[in-house]
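Chemist: Following this message is one structure expressed as structure tokens.
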Amino acid sequence: MTHKNSSAYRISILAILTALLLVQSFVPMVGYINIIPGLPAVTTVHLTVILGAVILGTRGGSTLGLIWGILSLIQAYTAPGDPLSLLIFQNPIIAILPRVLVGTVAGITFEHLQHSRITKPGAMALAGVLGALVNTTLVILLTWVFYSHQASGMYHTDPSRLIIVMLAAVAVNASWKQSLQALSPH
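First residue of the sequence shown: 1484, per this note's numbering; consecutive thereafter.
See the structure below:
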């Protein structure tokens, strides 16, 4: 019987989740789902990183986030899904930092909450929500900081309104995810 704290267990789980990240990153419509042409894809990859943070802790989640960030950077150079992704994810700060922080925040949140009065499923849900929000918020803010003029030109909007356009895209993507979850059997 394997012990969950053994290095063999941790390495095995890390390897399995890394393989899943590779599939999600490079198989079309698995980890990145394009709904509206020209807009960034809806991502499901963060779920793997958050799951890793819950199973392996903050360090494991951060490692998986780093792997996801490096894969995002590689994908931006080899097979970008849309013009905005080509622009923003070739920047290592935007490609890697938010992804690492997804695992870090999810891991810290889960570790902290599992020792509180919140149930384990509740702690997992909050870790997932905060991890997803960290990624979305940081990608939008860093895009605005580094590329507001270029990105606003792609969407034919004023740079001061770019955040509104990007938040609208996030809202559309989030509502699409909610619709899918409502349709899925429980």
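Using N, Cα and C, we set each Cβ at its ideal position, and we do this for glycine too.
Quick one: using the 10 Å Cβ neighbour count with 16 as the cut-off for buried, is His1598 buried or exposed?
Modeler: It counts as exposed.
Chemist: Leaving out the 5 sequence neighbours to the left and right, which residues in its chain are closer than 7 Å to Phe1593 when beta-carbon positions are compared?
Modeler: So the qualifying residues of the chain are Ala1536, Val1537, Ala1606, Met1607 and Ala1610.
Chemist: Could you give the DSSP three-state label for Thr1501: helix, strand or coil?
Modeler: Looking at Thr1501 - three-state DSSP - the assignment turns out to be helix.
Chemist: From Leu1497 to Val1628, what does the alpha carbon distance come to, in whole angstroms?
Modeler: Each residue's alpha carbon lies about 33 Å from the other.
Chemist: Label Gln1664 either buried or exposed according to how many other C-beta atoms from any shown protein chain fall within 10 Å of its C-beta, with 16 as the threshold for buried.
Modeler: In this prediction, Gln1664 scores a pLDDT of 45, lower than 50, which makes its location untrustworthy; the coordinate-derived value is nonetheless stated afterwards. Its Cβ having fewer than 16 others within 10 Å, Gln1664 is exposed.
Chemist: Is Val1525 a contact residue of the ligand FMN, with contact defined as CB to any heavy atom under 7 Å?
Modeler: Inclusion of the ligand FMN in the displayed structure is not the case, the ligand content being empty and no account of it being possible.
Chemist: Is the beta carbon of Gly1548 closer than 8 Å to that of Thr1587?
Modeler: Cβ atoms of Thr1587 and Gly1548: closer than 8 Å.
Chemist: Looking only at C-alpha atoms, which of Gly1564, Leu1624 and Val1528 sits nearest to Ile1519?
Modeler: The option with the nearest alpha carbon to Ile1519 is Gly1564.
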